[in-house]
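The sequence shown maps to residues 11 to 143 in my numbering.
Just so you know, even glycine gets a beta-carbon here, dropped at the ideal spot from N, CA and C.
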Amino acid sequence: MGVPLSRFKEWIIKPPSALHRMRLGPESSDNPLMLQFFTWEAKHSNLSWWAHLEAEVPQLAKMGFTQIWLPPPNKAAESTGRGYDAYDLWDLGEFKQKEVVETRWGSKEELLSACNAAKDSGVDILIDAVLNV
11 MGVPLSRFKE WIIKPPSALH RMRLGPESSD NPLMLQFFTW EAKHSNLSWW AHLEAEVPQL
71 AKMGFTQIWL PPPNKAAEST GRGYDAYDLW DLGEFKQKEV VETRWGSKEE LLSACNAAKD
131 SGVDILIDAV LNV
């Protein structure tokens with residue numbers, strides 16, 4: 011009939027560690043390696059950032075990267091914003107807001123395509139999320 015109150019209080023005061031449930035890389039990897047795939051000034055000259063990522067993923071996987079850390083993919087308050095100045099957490103580049111559809115990084119379709127390419131290459135994607143809006 012549920013969790014005893016004493017166990018619930020213990021969980022609230024000292025929650026269990028989540029580390030044992032976290033993946034540190036693909037199961038076949040004994041040496042996970044993460045790459046931060048953005049800088050504050052990151053911009054590709056003729057591709058969206060997500061399309062650039064998709065093009066680079068196979069080579070990054072060959073180099074041994076098992077995880078790629080991406081910037082916040084959501085619509086920013088400024089058109090050149092990096093996502094840390096969140097405007098709409100649910101708009102990943104699919105709605106016309108702030109006079110544009112895409113985010114600084116590209117469209118939702120490009121993001122999903124890059125994530126699928128990473129998955130196909132055995133690379134995990136980590137998203138930097140800003141939820142304190």
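Chain C contact for residue i (CB, 8 Å cutoff)
{"i": "N56", "result": "Absence of chain C from the displayed structure is noted, only one protein chain being present."}
Test item: CB-CB of residue i and residue j under 8 Å
{"i": "G103", "j": "L121", "result": "yes"}
{"i": "W59", "j": "A52", "result": "yes"}
{"i": "S123", "j": "V110", "result": "no"}
{"i": "L57", "j": "F47", "result": "no"}
Beta-carbon proximity list for residue i, same chain, < 6 Å, skipping 5 on both sides
{"i": "L141", "result": "none"}
{"i": "S117", "result": "G103"}
Sequence-distant residues of the same chain with beta carbon closer than 8 Å to residue i, five excluded per side
{"i": "L45", "result": "L70, F75, Q77, I78, W79"}
{"i": "D98", "result": "N84, K85, F105, Q107"}
{"i": "S131", "result": "V67, P68, L70, A71"}
{"i": "H54", "result": "A61, H62"}
Sequence-distant residues of its chain with Cβ nearer than 7 Å to residue i (five each side left out)
{"i": "G91", "result": "R114"}
{"i": "V133", "result": "V67, L70, A71, F75, T76, Q77, I78"}
{"i": "D101", "result": "N84, K85, Q107"}
{"i": "K24", "result": "none"}
Per DSSP, cross-strand counterpart(s) of residue i
{"i": "K24", "result": "Partner(s): none; K24 has no beta bridge."}
{"i": "T113", "result": "G116"}
{"i": "D98", "result": "K85"}
{"i": "D134", "result": "Q77"}
{"i": "L2", "result": "Shown here, the chain extends from 11 to 143; a query on residue 2 therefore has no answer."}
{"i": "Q107", "result": "V110"}
Nearest-angstrom beta carbon gap, residue j and residue i [assumed within contact, 8 Å]
{"i": "P82", "j": "A139", "result": "6 Å"}
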